[in-house]
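First the structure, in the form of structure tokens, and then the observations on it.
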Amino acid sequence: MNQKAVSLPLVVFGVLLIVIACGVAVYNMSMVREQVTANVSMLQIFSDYFFRFGIAILLTIIGSVTVGLGLRR
2 MNQKAVSLPL
12 VVFGVLLIVI
22 ACGVAVYNMS
32 MVREQVTANV
42 SMLQIFSDYF
52 FRFGIAILLT
62 IIGSVTVGLG
72 LRR
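Shown next, in the form of structure tokens:
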């Protein structure tokens, strides 16, 4: 049988990045909820949290690619 070895450090690092990204997203959502209940305009909320959600999305993408590379090796 031709089995490929799994690179465990890459998989663990990728999963860790995804978990961190989930934590960032949940934290951001709690902050957005506070802003919404304080009747802050949606445009202001969007401009405040756009960069933070972008970081969470970027971490998720990097983590997914890292896990994929770890499973591919």
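Using our numbering, you'd call the opening residue of the sequence shown number 2 and step up by one each time. Ideal Cβ positions, reconstructed from N, Cα and C, are used throughout, including at glycine.
Residue i - containing alpha helix (DSSP H), residue span
{"i": "Asn40", "result": "Asn40 -> no alpha helix (DSSP H), and no H or E assigned at all."}
C-alpha distance - residue i paired with residue j, whole-angstrom precision
{"i": "Val68", "j": "Cys23", "result": "16 Å"}
{"i": "Ile40", "j": "Ile46", "result": "First, the residue type needs correcting, since residue 40 is Asn and not Ile in the sequence shown. Asn40 and Ile46: Cα-Cα distance of roughly 10 Å."}
{"i": "Gly71", "j": "Ile19", "result": "14 Å"}
{"i": "Leu44", "j": "Ile62", "result": "26 Å"}
{"i": "Ser42", "j": "Gln36", "result": "8 Å"}
{"i": "Arg73", "j": "Thr38", "result": "46 Å"}
Whole-Å CB distance - residue i paired with residue j, under 8 Å assumed
{"i": "Val12", "j": "Gly64", "result": "Their Cβ separation, rounded to whole angstroms, is 10 Å, which puts Val12 and Gly64 out of contact at 8 Å."}
Residue from the options whose Cα sits closest to the Cα of residue i
{"i": "Ser48", "options": "Thr38, Ala57, Val33, Ile62", "result": "Val33"}
{"i": "Leu59", "options": "Pro10, Val25, Arg73", "result": "Val25"}
Residue-level contact to chain B via CB, residue i, 8 Å cutoff
{"i": "Thr67", "result": "The structure shown contains no chain B, having only a single protein chain."}
**Request:** Check whether the segment 53-68 touches the segment 19-35, taking contact to mean three or more Cβ pairs, one atom from each stretch, closer than 8 Å.
**Result:** yes
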